[in-house]
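Using my numbering, read the sequence shown as starting at 417 and increasing by one per residue.
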Amino acid sequence: MKALVFDSGPIISLTLNGLLWMLRLLKQRFKGDFCITKAVYGEIISYPLHTKKFKLEAFQVLHLINEGVLKVVDSPAIAQRASSLMETANHTYSVGDHPLAMFHYAEMTVLAACVELKAEAAVVDEKMTRIVLENPGRIIRVLAKRMHHKPSMDGARLEALQAELRGLRIIRSSELATIAYELGMLRHYIPDPSVMPQPKAELIDAILWGLKLNGCAISEKEIKQVVKIEGK
417 MKALVFDSGP
427 IISLTLNGLL
437 WMLRLLKQRF
447 KGDFCITKAV
457 YGEIISYPLH
467 TKKFKLEAFQ
477 VLHLINEGVL
487 KVVDSPAIAQ
497 RASSLMETAN
507 HTYSVGDHPL
517 AMFHYAEMTV
527 LAACVELKAE
537 AAVVDEKMTR
547 IVLENPGRII
557 RVLAKRMHHK
567 PSMDGARLEA
577 LQAELRGLRI
587 IRSSELATIA
597 YELGMLRHYI
607 PDPSVMPQPK
617 AELIDAILWG
627 LKLNGCAISE
637 KEIKQVVKIE
647 GK
């Protein structure tokens with residue numbers, strides 16, 4: 417199935433930066449499905465609709481679902497695989513006798529849905545998800561720095577987790593925004609050069625920093641690299 421499966425984070429980041437509309441145009445170019453799981457729906461729509469702080473954002477996302485831009489996917493197979501992934505992932509790293517529960521259920525449903533649907537990629541802004549798939553040894557260093565204790569790693573569980581998710585591609589909201597920029601979807605934001613020097617570079621810098629400050633795990637170094645390439 418040609419699909420991208422979105423975690424809560426990227427949709428929240430795009431919404432808070434006024435960029436949610438990009439998904440409509442990106443989906444047209446992608447010619448596939450943009451999916452969210454039932455658990456992600458709960459995080460970004462069901463719960464916020466009963467609050468004041470993010471209620472408006474929930475309505476914006478709901479509008480995209482009603483338009484068919486976002487599709488809610490759910491099945492017993494996805495739920496079962498998500499529970500299995502969560503059990504494995506949250507017992508892979510530990511400090512002493514205490515497993516480190518670093519992954520939440522909605523995030524695991526995204527990965528599970530990707531496997532079940534044979535999706536093109538998962539759209540996830542969380543750093544830990546990408547690291548555990550691409551460079552699991554780095555998690556030890558990251559956690560040791562945060563916690564001032566070096567965690568242990570269950571090699572067998574990690575191997576099982578990676579085997580189940582082998583070949584799964586992770587992309588971030590920053591990559592989606594960069595693609596949208598390259599496709600000219602954001603050109604209407606570029607001001608006249610008389611307003612500021614290097615307006616293209618300033619725009620892509622503003623977009624990426626906006627996403628970073630709302631939860632996208634992109635480093636300052638990465639932002640500078642993208643600005644250098646795209647801001648000419």
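Note that beta-carbon positions come from the ideal geometry of N, C-alpha and C, so glycine has one too.
Return the bridge partner residues of residue i from the DSSP annotation.
{"i": "threonine 453", "result": "Val489"}
{"i": "methionine 569", "result": "Tyr509"}
{"i": "isoleucine 586", "result": "Ala538"}
To the nearest angstrom, report how far apart residue i and residue j are at their CA atoms.
{"i": "lysine 471", "j": "isoleucine 461", "result": "8 Å"}
{"i": "isoleucine 595", "j": "valine 456", "result": "24 Å"}
{"i": "leucine 655", "j": "alanine 593", "result": "Because the chain here runs from 417 to 648, residue 655 falls outside it and cannot be looked at."}
{"i": "glutamate 459", "j": "valine 477", "result": "11 Å"}
{"i": "proline 515", "j": "glutamate 550", "result": "21 Å"}
{"i": "valine 540", "j": "leucine 436", "result": "15 Å"}
{"i": "valine 643", "j": "valine 485", "result": "29 Å"}
{"i": "arginine 445", "j": "glutamate 575", "result": "36 Å"}
{"i": "glutamate 636", "j": "tryptophan 625", "result": "8 Å"}
{"i": "alanine 493", "j": "glutamate 532", "result": "7 Å"}
{"i": "arginine 403", "j": "alanine 560", "result": "Because the chain here runs from 417 to 648, residue 403 falls outside it and cannot be looked at."}
{"i": "leucine 581", "j": "glutamate 638", "result": "25 Å"}
Terminal residues of the continuous beta strand (DSSP E) containing residue i?
{"i": "alanine 538", "result": "537–539"}
{"i": "serine 510", "result": "509–511"}
Any Cβ of chain D within less than 8 Å of the Cβ of residue i?
{"i": "glutamate 459", "result": "No chain D appears in the structure shown, which is made up of a single protein chain."}
How many whole angstroms separate the CB atoms of residue i and residue j, which I take to be in contact at a CB cut-off of 8 Å?
{"i": "asparagine 630", "j": "isoleucine 428", "result": "7 Å"}
{"i": "phenylalanine 450", "j": "lysine 487", "result": "7 Å"}
{"i": "leucine 430", "j": "alanine 535", "result": "Not a contact, Cβ separation roughly 19 Å."}
{"i": "isoleucine 586", "j": "threonine 545", "result": "6 Å"}
{"i": "leucine 627", "j": "asparagine 433", "result": "6 Å"}
{"i": "methionine 569", "j": "valine 511", "result": "Methionine 569 to valine 511, Cβ: 11 Å. No contact."}
How is residue i classed by DSSP in three states: helix, strand or coil?
{"i": "leucine 516", "result": "coil"}
{"i": "leucine 420", "result": "strand"}
{"i": "isoleucine 595", "result": "helix"}
{"i": "valine 548", "result": "helix"}
{"i": "asparagine 433", "result": "coil"}
{"i": "glycine 626", "result": "helix"}
{"i": "tyrosine 605", "result": "helix"}
{"i": "serine 462", "result": "helix"}
Quick one: give me the first and last residue of the alpha helix (DSSP H) that residue i is part of.
{"i": "tyrosine 521", "result": "521–533"}
{"i": "valine 611", "result": "That residue, valine 611, is in no alpha helix (DSSP H); it is neither H nor E in DSSP."}
{"i": "isoleucine 639", "result": "636–646"}
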